[in-house]
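See structure below.
2 protein chains.
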Amino acid sequence: MMRTAADIRRMNSFAVVRAIHANGGASRRELVDITGLSFATVAAICTKLLELGVIAEVARKRAPAGRPTATLSLNPEHGFLLGVDIAETYVHVEAFDAALEPISSTQYDIDTHERSPDQVVERVKSAIAAERARHQGRALLGVGVSAPGQVDQVGGTSVFAPNWDWHDVPLRDMLADSVDAPLFLDNPLKSLAIAEMWAHPERRGQDFVVLNLGTGVGAGIAIGGRVVRGRMNSAGEWGHMVIVADGRACRCGSRGCVEAYVGAPGILQTLREAYPDSPLLHGDDQTATIAALAAAADDGDPAALDVIERTSHYLGIATASIVNLLNPDIVLLGSWVAELLGKHLLDRARTHLQAHALAVPMAAVAFELQHPRGNSVSLGSATFALEGYLDSVPDGTTDPETTPRRRTVG
Amino acid sequence: MMRTAADIRRMNSFAVVRAIHANGGASRRELVDITGLSFATVAAICTKLLELGVIAEVARKRAPAGRPTATLSLNPEHGFLLGVDIAETYVHVEAFDAALEPISSTQYDIDTHERSPDQVVERVKSAIAAERARHQGRALLGVGVSAPGQVDQVGGTSVFAPNWDWHDVPLRDMLADSVDAPLFLDNPLKSLAIAEMWAHPERRGQDFVVLNLGTGVGAGIAIGGRVVRGRMNSAGEWGHMVIVADGRACRCGSRGCVEAYVGAPGILQTLREAYPDSPLLHGDDQTATIAALAAAADDGDPAALDVIERTSHYLGIATASIVNLLNPDIVLLGSWVAELLGKHLLDRARTHLQAHALAVPMAAVAFELQHPRGNSVSLGSATFALEGYLDSVPDGTTDPETTPRRRTVG
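Chains A and B supply the protein sequences, listed in that same order.
Using our numbering, you'd call the opening residue of the first sequence number 421 and step up by one each time.
Using our numbering, you'd call the opening residue of the second sequence number 421 and step up by one each time.
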């Protein structure tokens, strides 16, 4: 889609908020330097954000020559956001202040036999209520919710969650009566990408990929400063790219998908096939088994290292495919499997990536672990809510600048 | 990369030229409706284009009530462009008028033992000279050149052409003395994408992929109205995504790549492995063998149909990977293998695509043969030259509109 003038205004507001956030406060003049926007645009946006209380003047200092300049900061007292990560194995609800700093969180496990929409929604409502109760008296600016699988973010529907066999579940409507604030639904891939973009302003000038390594696997992709959504918001299904034609059955119905090898159940399958009596196996408990695998690898256990090497092989091949196709600046490994196993997977997978990527894109790409503050999917979901909140607020600029005049720094 | 104000101006000029071209002429008022730009912006761009002679007033009619309105058309007499397609097996130089209509072309084969940079450049120079001679007296506005493999379009260098083992060949400098016009170098993937965008204005609002089926295979990708280039302009290497882990050796040095199965030499290998004595085999002559395969398939030859089915299997899987990853509006099959074999491949590949794509992106995607006018890579290369020419010309708009205010139609 082409950018509209409204898009540009929104992006400029975001750029100012992001710059203030990333720099821990800034003067209007510094914001001009950081964002590349004109002083008039920065000033108009700041005026509106001050009126709303989203930002505050925290200090005023006299420049060596001339008028005193005010330092602007995001106002942590203004209100808070909730970011909800509905994963296959847990529900994580995290509160963030308007500066997107994590404040508190509540997490409940989801049992394998409690996966109906009603059961999961009840869990989410309980966790939201717990976080609401902790922050009584503060304004709830918005709630962002990430649900696994394919999500219609406009209609607020979980179109298809393969692990739960959910079809067309109206999640936003089901949750609406538990929150008195705008609710934004999307999936973890988009949440991871937007979280990365807000946390690292330099990402706006980069093409990047966050590989989501969990029960399901996928890719949050941003190109040219925008999250790639595709026609139906289902872009990013890297987990369902085929790497082994006619290979392992995948829960999507196809065969040989990345997810069948690199998703947590795929890793369990590799372990079970190679070492059926392994003490690392905790039945179908993915979290316990992956954690046991990580602990055993720390101790140099040969079976654990073998399973990690096999997984790295597939991860490296699948990463090479996306590196060759998109030639990105950076590919990050994120989500809970990356948190538990990432340090063992990264260098091994890079070896296989190098063997399968073309020289030019390989030389250009950084391949790293994502280091989020708090739960990155919750952070990304909260970010969507903050974007929605800022979106609801007109700013004083009538003549939107299309973009930073020069590349964003800092 | 973010769009700059200059980007926006350029896009608006392109939008006007495209709209005039696609509609076979239009009034300023119609251009406002088609492009979504303001009347003032359209008028300023038209004034500049008229001064330059890129467009002309071809008719003037009186509206039912009010002032006469002029119909503007691209001016075919203004000058011409050359689009050069350097492929692994031929050099094709095509002349286009400023309305991007093909006028004439010259094609030379490249023998397998004439593949040094000097030898290929001599072929290209001869073909350019032949086309130059045909259009003496007309201004040459620019030359676009597509070279296979990875190209540094800024530096004008063929960074790596795997089939020829070219490394860092300064193609633009080597060709510069044969043309007295700006020369733009890129690769066929970007040429196919830009050709598709200019030929079909509705593509600007779509995410689309043109699969380049030739000796090498790759993907021209456009997202949000822009060609995806990646960090080093090497995006689109779909041919080097792995679909068979540890499968066939690929000329890139990896194994199991799409290209090893779907590229013309891969199809020959499939034929040779299954039917080593097949009369369809014409040694290493890819064009003759693929043409023989197509003719035999027309006659219902079981061996030919079997090879096509095997190729379709891999093509369908590899298309599913890109459909799952990007959720595009449309995937097109283009280039010479698609021209020869496309009608036999398309429906068979669609069956395998359906078996491997997720339901949501599958339902959203159109999967079709590309139907270019003339050689689509030459057209795309010429389009880069036209873009460069328009780029060299300032327009009268000081306050660029960021975008069409509504979706482009027509």
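The C-beta atom is built at its ideal place from N, Cα and C for all residues, glycine as well.
Keep in mind that this is a model prediction, so the values were computed, not measured.
{"Query": "If I measure Cβ to Cβ from GLY612/B and keep anything under 8 Å in the same chain, skipping five residues before and after, which residues do I get?", "Result": "The sequence as given places Leu at residue 612/B; Gly does not occur at that position. Cβ within range, chain order: VAL630, ASN632, GLY640, GLY754, SER755, GLN790, SER796, VAL797, GLY800."}
{"Query": "Between ALA439/A and the rest of its own chain, which residues show a CB-CB distance below 7 Å, the 5 nearest in sequence each way excluded?", "Result": "ALA446, LEU451, ILE454, THR455, PRO621"}
{"Query": "Mind checking if GLY575/B is an interface residue toward chain A, Cβ cutoff 7 Å exclusive?", "Result": "no"}
{"Query": "Which class does GLU477/B belong to by DSSP, given the choice of helix, strand or coil?", "Result": "strand"}
{"Query": "Kindly list the residues whose CB is nearer than 6 Å to the CB of LEU752/B, restricted to its own chain and excluding five residues on each side of it in sequence; keep chain order.", "Result": "VAL630, GLU788, GLN790"}
{"Query": "Whole beta strand (DSSP E) runs in the segment 475-553 of chain A with 3 or more residues, listed along the chain?", "Result": "475-482, 488-494, 500-506, 510-517, 522-529"}
{"Query": "What does the alpha-carbon distance come out to for the pair ARG423/A and GLU514/A?", "Result": "Per-residue confidence for ARG423/A stands at a pLDDT of 48, beneath the threshold of 50, marking its modelled position as unreliable; the derived number appears in the next sentence. Taking the straight line joining both Cα atoms gives about 31 Å."}
{"Query": "So, with DSSP's three-state summary, where would you put ASP597/B?", "Result": "coil"}
{"Query": "With VAL571/B as the anchor, note down where its alpha helix (DSSP H) starts and where it stops.", "Result": "First-last for VAL571/B: 570-572, but that is the beta strand (DSSP E), not the alpha helix (DSSP H)."}
{"Query": "Check each candidate in THR461/B, ASN443/B, LEU520/B, ARG449/B and name the one with the smallest Cα separation from MET431/B.", "Result": "THR461/B"}
{"Query": "Mapping DSSP to helix, strand and coil, what is VAL697/B?", "Result": "It is worth fixing the name first, because residue 697/B is Asp in this sequence and not Val. Residue state, collapsed to three classes: coil."}
{"Query": "Taking any Cβ of chain B, which residues in the segment 517-544 of chain A have a Cβ under 9 Å from it, in chain order?", "Result": "none"}
{"Query": "Ordered along the chain, which non-local residues of its own chain (more than five positions away) have a Cβ less than 7 Å from that of ALA463/B?", "Result": "ARG448"}
{"Query": "Could you check which residue in GLY576/A, LEU561/A, ILE428/A has the C-alpha nearest to that of HIS587/A?", "Result": "GLY576/A"}
{"Query": "Counting contacts by CB-CB distance shorter than 7 Å, is MET661/B in contact with chain C?", "Result": "Going by chain labels, chain C is absent from the structure shown, which instead holds the protein chains A and B."}
{"Query": "Please report the distance separating the alpha-carbon of TYR533/B from that of ALA694/A.", "Result": "Here residue 533/B turns out to be His, not Tyr, going by the sequence shown. Straight-line Cα distance between these residues: approximately 50 Å."}
{"Query": "Specify, as a first and last residue, the run of the beta strand (DSSP E) that ILE750/A falls within.", "Result": "750-754"}
{"Query": "Within 10 angstroms of the Cβ of ARG480/B, are there 16 or more other Cβ atoms? Answer buried if so, exposed if not.", "Result": "exposed"}
{"Query": "When the Cα atoms are used, what is the spatial distance from LEU579/A to LEU591/A?", "Result": "In the sequence under discussion, the amino acid at residue 579/A is Val, which differs from the Leu named in the question. Each residue's Cα considered, the two are about 10 Å apart."}
{"Query": "Looking at the secondary structure, which residues open and close the alpha helix (DSSP H) in which GLY800/A lies?", "Result": "796-811"}
{"Query": "Under the DSSP definition of a beta bridge, which residues are partnered with THR577/B?", "Result": "ASP572/B"}
{"Query": "To the nearest angstrom, how far is the alpha carbon of LEU713/B from that of GLU729/B?", "Result": "12 Å"}
{"Query": "Quick one: grab the DSSP three-state call for TRP584/A.", "Result": "coil"}
{"Query": "For GLY650/A, go through chain B and note every residue whose CB falls closer than 8 Å to its CB, in chain order.", "Result": "ASP627, LEU746, ASN747, PRO748, PRO781, ALA784"}
{"Query": "Contact defined as beta carbons within less than 8 Å: I believe LEU605/A pairs with GLN570/A. What is the distance between those atoms, to the nearest angstrom?", "Result": "12 Å between Cβ atoms; not a contact."}
{"Query": "When the cut-off is 7 Å and only beta carbons count, does ILE687/B lie next to chain A?", "Result": "no"}
{"Query": "Along the segment 454-474 of chain B, where does the CB come closer than 8 Å to a CB of chain A? Name the residues.", "Result": "none"}
{"Query": "Kindly say whether TRP658/A, judged by its beta-carbon, lies nearer than 7 Å to any beta-carbon of chain B.", "Result": "yes"}
{"Query": "In angstroms, rounded to a whole number, what distance separates the CA positions of ASP874/B and LEU501/B?", "Result": "As displayed, chain B neither begins before 421 nor continues past 830, which places residue 874/B out of reach and without an answer."}
{"Query": "Would you identify the three-state DSSP class for GLY762/A, choosing helix, strand or coil?", "Result": "helix"}
{"Query": "Establish whether the CB of ALA665/B and some CB of chain A are separated by less than 7 Å.", "Result": "yes"}
{"Query": "Tell me whether LEU609/A sits in a helix, a strand or coil according to DSSP, three-state version.", "Result": "helix"}
{"Query": "Roughly how many angstroms separate the alpha carbons of SER812/B and LEU470/B, rounded to a whole number?", "Result": "15 Å"}
{"Query": "Would you mind reading off the limits of the beta strand (DSSP E) that contains ASN632/B?", "Result": "628-633"}
{"Query": "Check the Cβ-Cβ distances between ILE737/A and every residue of chain B, and say whether any is below 7 Å.", "Result": "yes"}
{"Query": "Measuring straight from C-alpha to C-alpha, what distance separates ASP697/B and ALA711/B?", "Result": "17 Å"}
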